[in-house]
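The structure appears below as structure tokens.
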Amino acid sequence: MARFTGLLGIVLFLFIAWALSSSRKSISWRIVGWGLALQWIFAVIVLRGQWIADHLAFLPFPNGTGWAVLVLMFLPLLLRRFARFEDKRLNWTVFALVVLGLLRGNLVGASFDRMRVVVEHLMAFAKAGATFVFGGLADPGGSIGLVFAFV
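In the numbering used here, the protein residues as written are 409 to 559.
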């Protein structure tokens with residue numbers, strides 16, 4: 409049952425949104441479905457990125473390829489903007505290369521991991537600041553005085 413708690417929450421949230429809607433007939437369930445599907449795909453890419461990268465290990469991905477993927481992301485935009493050149497086949501080819509590069513290098517998961525490290529550093533600074541201001545009251549194993557310090 410614990411596995412279905414998230415799914416139950418999504419269904420309940422959609423039901424509440426539908427129930428509180430002033431125009432229920434104008435809800436495009438196709439758009440809602442696409443949004444949920446894209447969120448699921450993004451969640452799989454973030455949470456299972458290393459597994460996907462391991463299964464795409466047959467593709468070469470040398471050091472520095474992440475920068476090439478980043479440049480490829482903006483190539484169609486730059487070509488259209490500055491060279492007045494647009495080719496649908498080129499756009500789809502670049503899109504496929506970018507997706508393969510992101511998945512093969514686990515670049516999405518790596519960027520989320522780097523963000524996690526930055527947030528951990530910020531939390532360490534916040535802890536040091538709280539310890540400086542409140543001394544022993546900021547110690548998690550200490551007294552309950554920290555609760556009263558913020559009241």
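Backbone N, C-alpha and C fix where the C-beta goes; we use that ideal spot for every residue, glycine too.
Checklist line | Check whether residue 474 and residue 515 have beta carbons under 8 Å apart | finding: Yes.
Notebook entry, point to check: Along the chain, where does the alpha helix (DSSP H) that runs through residue 484 open and close?
Noted result: 473–490
Notebook entry, point to check: With distances taken between CB atoms, is the gap from residue 435 to residue 426 smaller than 8 Å?
Noted result: yes
Notebook entry, point to check: residue 435 by DSSP, collapsed to three states: which one?
Noted result: In the three-state reduction of the DSSP assignment, residue 435 falls in the coil class, being assigned neither a helical nor a strand state.
Next item on the list: State buried or exposed for residue 461, treating a residue as buried only when at least 16 other CB atoms are found within 10 Å of its CB.
Entry: Counting Cβ neighbours within 10 Å, residue 461 comes out buried, since at least 16 surround it.
Notebook entry, point to check: What do you reckon, are the CB atoms on residue 477 and residue 509 nearer than 8 Å?
Noted result: The answer is yes: Cβ separation under 8 Å.
Notebook entry, point to check: Tell me which same chain residues have a C-beta within less than 8 Å of the C-beta of residue 440, skipping the five on either side of it?
Noted result: 422
Notebook entry, point to check: Buried or exposed: residue 414, going by 16 or more other Cβ atoms within 10 Å of its Cβ?
Noted result: Residue 414 is classed as exposed because its beta carbon has fewer than 16 other beta carbons within 10 Å across all chains shown.
Margin query: Short of 7 Å in beta carbon distance, which residues of its chain neighbour residue 519, apart from the five on each side in sequence? Order them along the chain.
Written below: none
Margin query: Let's test the definition: count the other Cβ atoms within 10 Å of the Cβ of residue 438 and tell me whether it reaches 16, buried, or not, exposed.
Written below: exposed
Next item on the list: Could you pull out every residue in the same chain whose Cβ sits closer than 6 Å to the Cβ of residue 487, ignoring the five residues on either side in sequence?
Entry: Only 493 meet the Cβ criterion.
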